[in-house]
Each structure stands twice: as C-alpha cells, then as structure tokens.
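Each remark here refers to the structure printed beneath this line.
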Amino acid sequence: MPPAGDVLRTFHPGWFGAVMGTGIVGVAAYLNPGARPGTLGAAHAIGVAFVLLAWVLAAAILVPYLLRIIRHRDAAIADLRHPVIGALYATFPAAILVLATATATVGGSLLDAGAVTAIVAVLAAFGSLLALIAAVAFGYVLFTGDGLKSDMANGGWFIPPVVTIIIPLALVPLIPHVSEPAGRLLLLLGYAALGIGFFLFVLITAVLFSRLIFHPLPPAALAPSLWIALGPIGVGSLAILRLADAGQPFWAGDASAAALVSKLAAATLWGLGLWWLAIAALLLSRYLRHGTLPYGVGWWAFTFPLGAYTVATIQLARHWNTLAVEWFGAVLFVVLLGFWLTVSLRTIRAVRSGEAWKR
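Going by this note's numbering, 199 is the number at position 210 of the sequence shown; the sequence numbering is gapless.
What follows is the structure in structure tokens.
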C-alpha cells in the first residue's frame, strides 16, 4: 500500500462509478426481474441491501475525494483537463442522482414517506445542480483544450450527458408531493434535462462512431468505456416512460396520446441499445482474445450502463405488457450480477494490493 499522501494525490475521480453501479443493481433487483410472485420478497430484500451498500460506498469515497481536491488541487485540475479522465468527474453528481432514484425506489421499505421525499429532494437538488455544472464544464474544456485529436474520443465522454439524463428520474418521485404549479415546473425541467443529455449523446455518438471507424480500436484499458453508451440509452428510455407517467395528471385529454408516443419513443431508443449491447459484447470478446484487460477504476463502466439498460428493459416490458421482453430483462439482470461480482472482487483485490491507486 502506497503512503496515504500518494493515495490521495492519485485518487481517481471515477470512483463514484462504483456507487452508480451498485445502486442500479439495487434498483433492478427491487423491480423483481421476471415478475414472479414467489421471488418478490427476496427481490426487495436484495434491492434494499444493494442500495444501502451504495450509500456506504458513497460515504467512504466522498472523504478522500474531497480531501484530494483540497490538498492536491493541481492534480485535480490536471485530471479535469485530461481528455479521458476529465469526464469521470461527472460520476460524482451521477452517483448523487442515482442514490436519489434508488432511495425513491426502495426507501419505502426502510423509512416513512416523508423522510424518503425529503432525502430525495435534497439529493435531486444538489445532484442536478452539479450535473449541469459538470456537463457545461467538460464541454468547455473540450472546446478550449489544446492538442485534442479525433482518436482521443472515448466512451467516457458519454458520462456528462448521462448525468443530465438521470435528472428526470430524480425529479419524478417529487412531483406527487408538491403543488400543481410546482409539479408542472418539475416536469418541464425533467424534459429539459432529458433534452440536454439526449442531444449531447447523439453528438458524442457521432464523434465516437467516426473515431472507431477511422482509427484503431482504443487500447485495452479503455475497453470498458465502450459499454458506457448503454447508460444514456437505458436511462433515456426509462426517463421517457417515467416522465410520461408522472405527467398524466397534467395532460388532460391528451394523456392517452402522450403515453402512447412515450411508449413508442422509449421502445425506439431501447432498440438502439440492442445493437450497442451486441457491439460492446463482440468488442469485449475481441479484446479478451487478444490479451487480458488491465484493471482500472474504469471497470465499473461495465455495471451502471448495463444496469440502466436492464431497468429500462424491465420497465418497457411492463408498459408494453410483453412477457418475452420481461424475461430478457431477467437474463440481463443475471448478466449484470455477474459483471458486478467480477468487478467488485477485482476491485477489492486491487485495493488490498495497492494496484487501485496506480495510474
């Protein structure tokens, strides 16, 4: 184990990806993939356990994260300007918003409704503000950075858009607990945040698609980043469905039309995820055939994006009342658990050996 000062200086800004990945597993489990009545109790217990673990991880990571910014500001700023690592600062607000969404999902099993709403409101407000700052700051850094080349584009650039797409999922649980004007405002802000993230996702996808076609594949260390696109796809599909559900009281005679359009839009975006999931799996297989993947904090990119797509699949199946898609979601959940266990065990080993603190 390196000295504590060295650990702080090299502490990776992407560590909150572990909170995101763990929290989304809890949300997916709580939904009871497969919708079998006999597994509902176990699914809820597992979901609550994962969300509580995500809270513990967030508390443990927050201390060195903030200490590094205070004591090693030069290193923190250098990371922000880095074409790969800079985007990972957005995992902090993303983790806050994931905790808000996860707490809203499972909180009723632990706390009274008022406490859950208060916690979600604080997390949603703080996380949304930081998410917008992160998205704008990273865009500014990209636009004004010197020496950037097209082959530097990578999946990590998706993370700031993912953050703003999560905002609606944190706002929606608050709508039933506020006045009608405030509810309309939250709904509008949710759609606005979805718009920011979705269109940035489209732009970055075009850049990354071009980079993958006209340049060699990224080095093996960046292989996990190719899975990150599933995050905006999954969260985007889910946000479309949940915003439409939350907006039903405000649509009046247009409620049915809004629900139908949202189901169609979510299914269309979800379909892109099928293609990206296949591509990501094939590329991962190619990397593994040509050698091992070096461990890094970026391995957590295997978890949240797949988890978001899994949750979107389960919710889409229930909105469309389609059993085949429900079972596909259950299969994805099993794969997600496998990824989470693999990444967690490898992370524990890396922390114990000191490998986790190396750059």
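Even for Gly, the Cβ is constructed at its ideal location relative to N, Cα and C.
On a predicted model such as this, the values are computed, not experimentally measured, just so you know.
1. Following the continuous alpha helix (DSSP H) through P157, name the residue where it begins and the one where it ends.
2. Label H204 either buried or exposed according to how many other C-beta atoms from any shown protein chain fall within 10 Å of its C-beta, with 16 as the threshold for buried.
3. Taking P208 as the reference, give the member of R307, L249, L282, L55 with the closest Cα.
4. L334 to V286, Cα distance in whole Å?
5. Any contact between the stretch 144 to 151 and the stretch 122 to 129? By contact I mean 3 or more CB pairs, one from each, below 8 Å.
6. What distance in whole Å lies between the Cβ atoms of P213 and A91, which are believed to be in contact at a cut-off of 8 Å?
7. Taking the alpha-carbon positions, what's the L249 to L273 distance?
8. Go ahead and pull the three-state DSSP assignment for D140.
9. Could you check if H279 is buried or exposed, using at least 16 other CB atoms within 10 Å of its CB as the buried criterion?
10. Where does A17 sit, in a helix, a strand or coil, going by DSSP?
11. Taking the alpha-carbon of I156 as reference, which of A210, L176, A48 has the nearest alpha-carbon?
12. Please classify W264 as buried or exposed, where buried requires at least 16 other C-beta atoms within 10 Å of its C-beta.
13. Of the choices P72, T94, P162, V191, whose alpha-carbon is the least far from that of F132?
14. Measure the alpha-carbon distance for A182 versus L295 and round it to whole angstroms.
15. Given a cut-off of 9 Å, decide if A89 and G116 are closer than it, judged by their beta-carbon atoms.
16. For D(-5) and L77, what's the separation of their Cα atoms in angstroms?
17. I want to know whether the stretch 224 to 238 touches the stretch 20 to 35 - three or more CB-CB distances under 8 Å.
18. Using DSSP with H/G/I as helix, E/B as strand and the rest coil, what is H308?
19. Under a three-way DSSP split, which group does D101 fall into?
Result, derived from the coordinates:
1. 148 to 160
2. exposed
3. L282
4. Spanning the two alpha carbons is a distance of roughly 13 Å.
5. yes
6. Actually they do not touch by this definition, with Cβ atoms about 22 Å apart.
7. Between L249 and L273, the alpha-carbon positions lie close to 36 Å from each other.
8. helix
9. exposed
10. Of the three classes helix, strand and coil, the one that applies to A17 here is helix, per DSSP.
11. L176
12. Label assigned to W264: exposed.
13. P72
14. Straight across, the Cα-Cα distance linking A182 with L295 is about 21 Å.
15. yes
16. Roughly 20 Å separates the two Cα atoms.
17. no
18. helix
19. The DSSP-derived three-state label of D101 is coil.
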